[in-house]
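So for the sequence shown, our numbering puts the first residue at 45; every next one is plus one.
Single-structure report; data block below.
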Amino acid sequence: MASPSIEPPPPPWIYQVFLSFRGGDTRNNFVDHLYKELTIKGVYAFRDDSKLERGSSIAPALFQAIEDSRAAIVVLSPNYASSDWCLDELVKILECRESLGRMVVPVFHNVDPSDVEKLSGSFGLGFSELRERLLKEEMGMEMETETETEVEKKVKRWKEALSEVATISGWDSRYREEAAFIEQIVRDISDKVMCAPSSDAGELVGMGSRLEEIDELLQLDTNIVRMVGIWGLSGIGKTTAARVMFDRHSRQFEASCFLTNVADKFRLHGESALQHELLSKTLLERDLRTWPLGKGCNLIKERLSQRKVLLVFDDVDDLQQVELLANKLNWFGPGSRIIVISQDKQLLEAHGVNVIYEAKCLEDDEALQLFSHYAFHQNQPKKDYWELSHGFVYYASGLPLALKVLGSFLYNKSTCQWQNELNKLEKFPNRKIQDVLKMSYDGLEELDKKVFLDLACFFNGENVDEVRDILDACGFFPERAFGVLIDNAIVTISNGKLYMHGLLQQLGREIVREEAEENGKRSRLWKPDDVYYVLAKGTGTKRVEGLFLDMAKSREMCLSPKAFEKMFKLRLLKLHNLEPSQGRYKVQLLDECVQSLSDELRYLRWDGFPSKSLPSHFCPENLVELNLPFSNIEQLWPGKQVLPELPRNLKYLYVGGTAIEELPSSLGGLAFLVILDVKNCTRLQQIPISSKLNSLESLDISGCPHLLKRLSGNGNGELPESVGCCSSCMSHMDIDTENTTCKFFVSFPHL
Numbered sequence: 045m046a047s048p049s050i051e052p053p054p055p056p057w058i059y060q061v062f063l064s065f066r067g068g069d070t071r072n073n074f075v076d077h078l079y080k081e082l083t084i085k086g087v088y089a090f091r092d093d094s095k096l097e098r099g100s101s102i103a104p105a106l107f108q109a110i111e112d113s114r115a116a117i118v119v120l121s122p123n124y125a126s127s128d129w130c131l132d133e134l135v136k137i138l139e140c141r142e143s144l145g146r147m148v149v150p151v152f153h154n155v156d157p158s159d160v161e162k163l164s165g166s167f168g169l170g171f172s173e174l175r176e177r178l179l180k181e182e183m184g185m186e187m188e189t190e191t192e193t194e195v196e197k198k199v200k201r202w203k204e205a206l207s208e209v210a211t212i213s214g215w216d217s218r219y220r221e222e223a224a225f226i227e228q229i230v231r232d233i234s235d236k237v238m239c240a241p242s243s244d245a246g247e248l249v250g251m252g253s254r255l256e257e258i259d260e261l262l263q264l265d266t267n268i269v270r271m272v273g274i275w276g277l278s279g280i281g282k283t284t285a286a287r288v289m290f291d292r293h294s295r296q297f298e299a300s301c302f303l304t305n306v307a308d309k310f311r312l313h314g315e316s317a318l319q320h321e322l323l324s325k326t327l328l329e330r331d332l333r334t335w336p337l338g339k340g341c342n343l344i345k346e347r348l349s350q351r352k353v354l355l356v357f358d359d360v361d362d363l364q365q366v367e368l369l370a371n372k373l374n375w376f377g378p379g380s381r382i383i384v385i386s387q388d389k390q391l392l393e394a395h396g397v398n399v400i401y402e403a404k405c406l407e408d409d410e411a412l413q414l415f416s417h418y419a420f421h422q423n424q425p426k427k428d429y430w431e432l433s434h435g436f437v438y439y440a441s442g443l444p445l446a447l448k449v450l451g452s453f454l455y456n457k458s459t460c461q462w463q464n465e466l467n468k469l470e471k472f473p474n475r476k477i478q479d480v481l482k483m484s485y486d487g488l489e490e491l492d493k494k495v496f497l498d499l500a501c502f503f504n505g506e507n508v509d510e511v512r513d514i515l516d517a518c519g520f521f522p523e524r525a526f527g528v529l530i531d532n533a534i535v536t537i538s539n540g541k542l543y544m545h546g547l548l549q550q551l552g553r554e555i556v557r558e559e560a561e562e563n564g565k566r567s568r569l570w571k572p573d574d575v576y577y578v579l580a581k582g583t584g585t586k587r588v589e590g591l592f593l594d595m596a597k598s599r600e601m602c603l604s605p606k607a608f609e610k611m612f613k614l615r616l617l618k619l620h621n622l623e624p625s626q627g628r629y630k631v632q633l634l635d636e637c638v639q640s641l642s643d644e645l646r647y648l649r650w651d652g653f654p655s656k657s658l659p660s661h662f663c664p665e666n667l668v669e670l671n672l673p674f675s676n677i678e679q680l681w682p683g684k685q686v687l688p689e690l691p692r693n694l695k696y697l698y699v700g701g702t703a704i705e706e707l708p709s710s711l712g713g714l715a716f717l718v719i720l721d722v723k724n725c726t727r728l729q730q731i732p733i734s735s736k737l738n739s740l741e742s743l744d745i746s747g748c749p750h751l752l753k754r755l756s757g758n759g760n761g762e763l764p765e766s767v768g769c770c771s772s773c774m775s776h777m778d779i780d781t782e783n784t785t786c787k788f789f790v791s792f793p794h795l
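In structure tokens, the structure reads:
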């Protein structure tokens, strides 16, 4: 027989927000707009619309409304402190904050918070005038007493209240356009009042929209048993969102359990300990008997199958863990909800979780608010810290963990200390943040770790197809690795490009940096100063697998004759070399400098390659991409001998803007070639195009006058059929029909 459903107790409030304001300052403008936006957002607010002059005593109904409100917004305007009615409201609001745990959100509307705290400026003047008026009224009553008068007692309470409210995290209108300012206040208060009273205010930033999405997936109004996954990057707020949701809804269930650190507990204490904790918390039985290994699943089903339960399993990293706790939905009573939190999306899908919520990074304004909560104990930066705050927020890129750690560390520090810390972060990442993120890396298999490091050091933001082809040639099985990295929220693909969070990229680069003290003994080099030293001094070793240099960020250099001699395991080489605007090279070298290029190269890009050809003994058989734009190269290999064959696996060939005259005949047989770019090769006479180029998708022969004349030699105004038939999947061909040398083309082969 099913247990009777448990009705949640009524909330200890009627209104979600009480608005305290000085009517003469803000009614019919700011408060009206604020009230309207709160209503649109679904926040039930109490506003006293009385048009009567406020006397010396506040209506009892207003005191009751304050007690009946979940939170209070106190709009501290220039004349707020000149109203005894407003000040009595404030005292009551702060009493409820102390005794009932009510939230208070001050809004400093055209006043400086320090003026409120110190009763200075025009704000303090209004308070002084009120005090003088009340004292005169009291003296007129001819009350002679040596004890503290009622007015003096009131004034003391008001001063204390104003001093207290000025130190509460709030909003300052002086740094905001009004519409945007109101929007942020409404979003902030909505996040807070929709959540449980026990939640820390910082945890509630940006939580409103997240909870709405999770609630929609939970479908709490149905009587089915439903399992929901929460998935996302480490430190992105998965646990926080689940905890707030749990606090908010647990009263609606007969039993509930938030099981933390599932993965660690499973490894340290085994399956029985996890199952025992689950049953102990849901059944509220501390002395629950132990059971033989393997019997826990039956006990969970037996004891919970007739109960409506809310269960949260946090930090699950193995399918076995969730199978031991909630293998089947019929283990739990009608209306039950099970939430599984994991960084592994594939795990959630494998268990058959009904729906998965993806936790995402905070928007910029939410990130600034969360950072400010920890750095300043208020909702926005202090006056002299705005620019620096934006620097830290940009660095954190919306990751709540980073915003909290950095904000807490910077609290109460000077602007000079802030600047030093921001400069330091560019070279040395925060250890607390890195330790959390590194758990994602530590859980990867070795090949997946290699792919992660290549992406972090070289390929963040690059074309996914090209990167996949390059890493496939390295034997890293990128198709599988990309799937793992995506499922673990480490990498995303958007518009055909690979992306990872900036802090994950910094993590990967820090892992490589820690491989060795000497940069020539690290597996990957990308920092201009490190690459400069290795190439100029010839200190590279066999440990170097990848070397990328953006010469726009480096000095001019003359390569050591032994620059590449010991880097015989080099897989990836990319040098941005030419400065087109100045027409000169930043890398100078002797011929012997490139004689020792590694035969292990899968990817070779050298902008402005200074030599007239590649080394004669260089074996390119492993190359997937050869990219030598704007270089001095006249032929791929030196001499008049038969040109070596291009590698059969070559997929990308870029030699645009070079002095090359001839391409190897073997190019016509490259069945895997995807892109051929010979743009602006003004001396190029011919390219061996054939129907065997059945993977070719993009061909750029614009700016090649001699080549175009040869191709159009049939005299009928058409390009040869071989150009159009070389690939059934060609999607782009550029021949620059605006050029006068191309005026005779009137027909193009079908692409």
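Beta carbons are placed, not taken as given, at the ideal position from N, Cα and C, and that holds for glycine.
Quick check on residue i: does DSSP put it in helix, strand or coil?
i	result
methionine 483	helix
leucine 354	strand
lysine 618	strand
leucine 687	In this prediction, leucine 687 scores a pLDDT of 47, lower than 50, which makes its location untrustworthy; the coordinate-derived value is nonetheless stated afterwards. It is coil, neither helix nor strand.
phenylalanine 415	helix
phenylalanine 502	helix
glycine 552	helix
lysine 197	helix
proline 444	helix
phenylalanine 453	helix
serine 742	strand
methionine 611	coil
lysine 695	coil
threonine 83	helix
Could you tell me the alpha carbon to alpha carbon distance between residue i and residue j, rounded to whole angstroms?
i	j	result
arginine 218	asparagine 423	13 Å
valine 199	aspartate 92	24 Å
glutamine 730	serine 657	18 Å
arginine 231	lysine 565	51 Å
tryptophan 129	serine 458	39 Å
leucine 711	glutamate 665	13 Å
proline 318	valine 306	The question names proline, yet the displayed sequence has leucine at residue 318. C-alpha separation (whole angstroms): 7 Å.
phenylalanine 302	leucine 163	47 Å
histidine 395	glutamate 367	8 Å
isoleucine 382	serine 253	21 Å
leucine 474	proline 444	The sequence shown places asparagine at residue 474, rather than the leucine named in the question. When rounded, the distance between both Cα atoms is 14 Å.
lysine 548	cysteine 140	In the sequence on display, residue 548 carries leucine and not lysine. Computed Cα separation, rounded: 44 Å.
tryptophan 375	leucine 645	56 Å
glutamate 222	glutamate 133	25 Å
leucine 248	lysine 448	13 Å
leucine 261	histidine 417	29 Å
leucine 751	isoleucine 779	10 Å
arginine 146	glycine 214	15 Å
glycine 552	phenylalanine 592	15 Å
histidine 313	lysine 352	28 Å
leucine 529	valine 155	50 Å
leucine 406	aspartate 643	46 Å
Might you give, ordered along the chain, the residues of its own chain that have their beta carbon closer than 6 Å to the beta carbon of residue i, omitting 5 neighbours on each side?
i	result
isoleucine 58	Asp112
arginine 727	Ala703, Glu705
glutamine 60	Val87, Tyr88, Arg114, Val237
leucine 206	Val160
leucine 432	Trp462
Between residue i and the rest of its own chain, which residues show a CB-CB distance below 7 Å, the 5 nearest in sequence each way excluded?
i	result
phenylalanine 436	Phe415, Leu450, Leu466
lysine 309	Ala317, Leu318
Between residue i and residue j, which are expected to be in contact by the criterion C-beta below 8 Å, what is the C-beta distance as a whole number of angstroms?
i	j	result
serine 709	tryptophan 681	Not confirmed; about 13 Å, so no contact.
valine 668	tyrosine 698	Not really, about 12 Å apart at Cβ, beyond 8 Å.
tyrosine 485	lysine 493	7 Å
| query | If you scan the region 711-739 from start to end, which runs of the alpha helix (DSSP H) of 4 or more residues do you find wholly inside it? | reply | none
| message | Could you tell me which whole alpha helix (DSSP H) segments of length 4 or greater appear in the region 348-399? | response | 363-370, 389-394
| Which whole runs of the alpha helix (DSSP H) in the region 578-604 are 4 residues long or more, in chain order? | none
| request: Ignoring anything shorter than 4 residues or poking outside the region 254-310, list the alpha helix (DSSP H) runs there in chain order. | output: 282-293
| task | Counting only runs of 4+ residues fully inside the region 642-686, write out the alpha helix (DSSP H) ranges in chain order. | result | none
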